[in-house]
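Peer 1:
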Amino acid sequence: MHIFNRGKLGDLVSLLSGRDFKERTFKEEIASDSFKKLETGVLNFMNEYSFNQFVLAIKSAGFISPKLLNSKMTLDFAYTLFLILQKGDEVPKIEVKRYIQKWFILSTLTGRYIGSPESQMDRDLRGISSKGFISFLKENEDALLSDAFWNVRLVQNLETSSINSPYFSTFIAAQIFNGDRSLLSNSCRVSDLVSIAGDIHHIFPKEYLKESGHDEKSIYNQVANYTYFDTVVNIAVGKKAPNEYFKTALEQCNTGNILIGTITGKGEYLKNLEANCIPTSIVEMKSDDYLDFLKQRRSLMAAKIKAYYYSL
Numbered sequence: 130m131h132i133f134n135r136g137k138l139g140d141l142v143s144l145l146s147g148r149d150f151k152e153r154t155f156k157e158e159i160a161s162d163s164f165k166k167l168e169t170g171v172l173n174f175m176n177e178y179s180f181n182q183f184v185l186a187i188k189s190a191g192f193i194s195p196k197l198l199n200s201k202m203t204l205d206f207a208y209t210l211f212l213i214l215q216k217g218d219e220v221p222k223i224e225v226k227r228y229i230q231k232w233f234i235l236s237t238l239t240g241r242y243i244g245s246p247e248s249q250m251d252r253d254l255r256g257i258s259s260k261g262f263i264s265f266l267k268e269n270e271d272a273l274l275s276d277a278f279w280n281v282r283l284v285q286n287l288e289t290s291s292i293n294s295p296y297f298s299t300f301i302a303a304q305i306f307n308g309d310r311s312l313l314s315n316s317c318r319v320s321d322l323v324s325i326a327g328d329i330h331h332i333f334p335k336e337y338l339k340e341s342g343h344d345e346k347s348i349y350n351q352v353a354n355y356t357y358f359d360t361v362v363n364i365a366v367g368k369k370a371p372n373e374y375f376k377t378a379l380e381q382c383n384t385g386n387i388l389i390g391t392i393t394g395k396g397e398y399l400k401n402l403e404a405n406c407i408p409t410s411i412v413e414m415k416s417d418d419y420l421d422f423l424k425q426r427r428s429l430m431a432a433k434i435k436a437y438y439y440s441l
């Protein structure tokens with residue numbers, strides 16, 4: 130893709146056969162030139178330094194684990210774009226990684242390469258070739274990432290129970306990028322839990338919700354009810370209602386008597402809630418407040434993803 134500026138595999142077969150797309154004939158010199166270009170493309174693709182720099186760009190954007198990657202096609206095109214920008218002179222080399230991160234996240238949030246990826250890649254390569262990447266990016270940001278997207282569509286897209294949702298994965302990546310600590314912890318980072326031994330847990334405990342009448346799996350397993358808890362914190366939470374265990378966590382900021390989590394300062398407690406997109410009213414919430422909590426947290430999560438994108 131990065132050598133021929135074409136996204137359809139069938140075009141490569143035609144080029145290697147010597148097809149002249151303008152005259153619609155086959156020429157030996159086109160076949161010979163195509164094989165030379167293919168060799169160059171394969172060697173560029175295999176270059177260890179280039180590949181490691183690309184991986185570094187994706188990981189430094191917060192996508193540190195394969196579990197956060199939802200589309201191989203999106204990753205493929207990001208690497209294609211990396212190779213194009215690396216060999217070109219439109220974007221300063223020091224800024225290539227930042228632009229790759231932005232395009233990867235834009236593509237992830239909009240599902241750009243999910244349906245008919247070859248056709249979309251082909252259109253994008255032609256657009257980048259004719260307009261230049263920076264103009265092409267700005268054009269797509271204006272068209273796709275409007276206020277309506279951030280404030281409405283993304284919030285709606287977060288209304289899902291799929292843990293593999295690209296929107297939830299991007300939220301976790303945003304937390305990792307910001308160096309956020311896991312909920313009710315002042316020492317354990319989200320990145321540590323994602324990459325080492327962490328599991329996603331329910332903010333409103335599953336058993337608590339089921340006992341309270343919210344017994345549909347698609348309801349209690351909403352991604353807006355998920356967070357990364359340190360194992361010790363999760364055990365302490367158990368089946369407690371949020372108004373119970375968050376009240377305990379807040380009270381220990383005054384007493385210093387640690388019962389849940391490791392936070393002992395109110396400012397630190399509030400900062401931790403903000404980093405995890407938890408409304409401060411959680412300290413008063415019971416099962417009757419669950420659906421309202423989901424709405425509030427989706428909006429906070431969408432706002433965090435927006436801030437993350439524009440901070441790159």
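Quick note: the sequence shown uses the working numbering, first residue 130, plus one each step. All residues carry an ideal CB built from backbone N, CA and C; glycine is no exception.
1. DSSP three-state call for residue 155: helix, strand or coil?
2. Quick check on residue 352: buried or exposed, where buried means 16 or more other Cβ atoms within 10 Å of its Cβ?
3. Looking only at its chain, what residues have a beta carbon closer than 6 angstroms to the beta carbon of residue 234, apart from the 5 residues adjacent to it on each side?
4. Looking at residue 315 and residue 243, is the spacing between their C-beta atoms short of 9 angstroms?
5. Can you look up residue 332 in the DSSP assignment and give me helix, strand or coil?
6. Does the segment 294–303 come close enough to the segment 361–377 that 3 or more CB-CB pairs lie under 8 angstroms?
7. Tell me the DSSP secondary structure of residue 242 in three-state form.
8. Quick check on the burial criterion: 16 or more other C-beta atoms within 10 angstroms. Buried or exposed for residue 325?
9. Which of the three DSSP states, helix, strand or coil, is assigned to residue 444?
10. For residue 360 and residue 312, which I take to be in contact (beta-carbon distance under 8 angstroms), what is that distance rounded to the nearest angstrom?
11. So if DSSP puts residue 318 in a beta bridge, which residue, or which two residues, is it bridged to?
12. Quick check on residue 149: does DSSP put it in helix, strand or coil?
13. Assess, as a yes-or-no matter, whether the segment 414–427 is touched by the segment 251–270 under the definition of 3 or more beta carbon pairs within less than 8 angstroms.
14. Taking all protein chains shown into account, decide if residue 214 is buried (16 or more other Cβ within 10 angstroms of its Cβ) or exposed.
15. Leaving out five residues before and five after residue 254 in sequence, what residues of the same chain have Cβ atoms less than 7 angstroms from its Cβ?
16. Where does the unbroken alpha helix (DSSP H) through residue 211 begin, and where does it stop?
17. When you compare each of 141, 168, 156 and 430 to residue 303 by their alpha carbons, which one comes out closest?
18. Is it buried or exposed, residue 364, if we count other Cβ atoms within 10 angstroms and call 16 or more buried?
19. To the nearest whole angstrom, what separates the beta carbons of residue 273 and residue 239, a pair I think is in contact under 8 angstroms?
20. Considering residue 377, what are the terminal residues of the beta strand (DSSP E) in which it resides?
21. Could you please give the first and the last residue of the uninterrupted beta strand (DSSP E) stretch that includes residue 358?
Peer 2: The answer reads as follows:
1. strand
2. buried
3. 438
4. no
5. coil
6. no
7. coil
8. exposed
9. Coverage of the chain is limited to positions 130 through 441, which leaves residue 444 absent and any answer about it impossible.
10. Actually they are not in contact, since the Cβ atoms of residue 360 and residue 312 sit about 13 angstroms apart, beyond 8 angstroms.
11. 310
12. strand
13. no
14. buried
15. 130, 134, 135 and 136
16. 201–216
17. 430
18. exposed
19. 5 angstroms
20. That residue, residue 377, is in no beta strand (DSSP E); its alpha helix (DSSP H) goes 371–384.
21. 355–358
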